[in-house]
Amino acid sequence: MKTTIDNNLRVFQIVTSTGKQVFCNLDELNNVMSNLGTHAGYFKIWHFWDNKPKRVSRKYIDEMYAANNDKRTFNM
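Quick note on numbering: the sequence shown equals residues 58 to 133 in the numbering used here.
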């Protein structure tokens, strides 16, 4: 899987329970999660801002999608 990162937007890292890691922006997050075939509870999402990782919650992701007039299509 190949993603294009725009450094002017927020960057997320998905780490699965099998050790796969993918970096993407919010607009690609739904697509990445479907391609990875992740199951709820078996992955972690990290948000990178100012070079500092922060683990995000379902509420935080939902707020980010609401702010961008989009909807989360994967289960957390």
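Heads up, the beta-carbon is just placed ideally off N, CA and C, and yes, glycines get one too. Please read these numbers as outputs of a predicted model, since none were measured by experiment.
Residues that residue i bridges to, as DSSP identifies them
| i | result |
| --- | --- |
| Asn82 | Val68 |
| His104 | Phe69 and Lys111 |
Own chain partners of residue i with C-beta closer than 6 Å, once the 5 adjacent residues on each side are dropped
| i | result |
| --- | --- |
| Asn92 | Met58 |
| Arg115 | Met133 |
Contacts around residue i, its chain only, beta-carbon distance under 8 Å, and the 5 residues preceding and following it disregarded
| i | result |
| --- | --- |
| Gln78 | Gln70, Ile71 and Val72 |
| Asp152 | In this structure the chain extends from 58 to 133, so residue 152 is not present and cannot be described. |
Per-residue DSSP class, three states only, for residue i
| i | result |
| --- | --- |
| Tyr117 | helix |
| Asn125 | coil |
Beta-carbon proximity list for residue i, same chain, < 7 Å, skipping 5 on both sides
| i | result |
| --- | --- |
| Leu86 | Phe69 |
| Ala97 | Asn132 and Met133 |
Cβ separation of residue i and residue j, assumed to be a contact under 8 Å, to the nearest whole Å
| i | j | result |
| --- | --- | --- |
| Asn82 | Asp63 | 6 Å |
| Thr135 | Phe80 | With the chain running from 58 to 133 in the structure shown, residue 135 is simply not present. |
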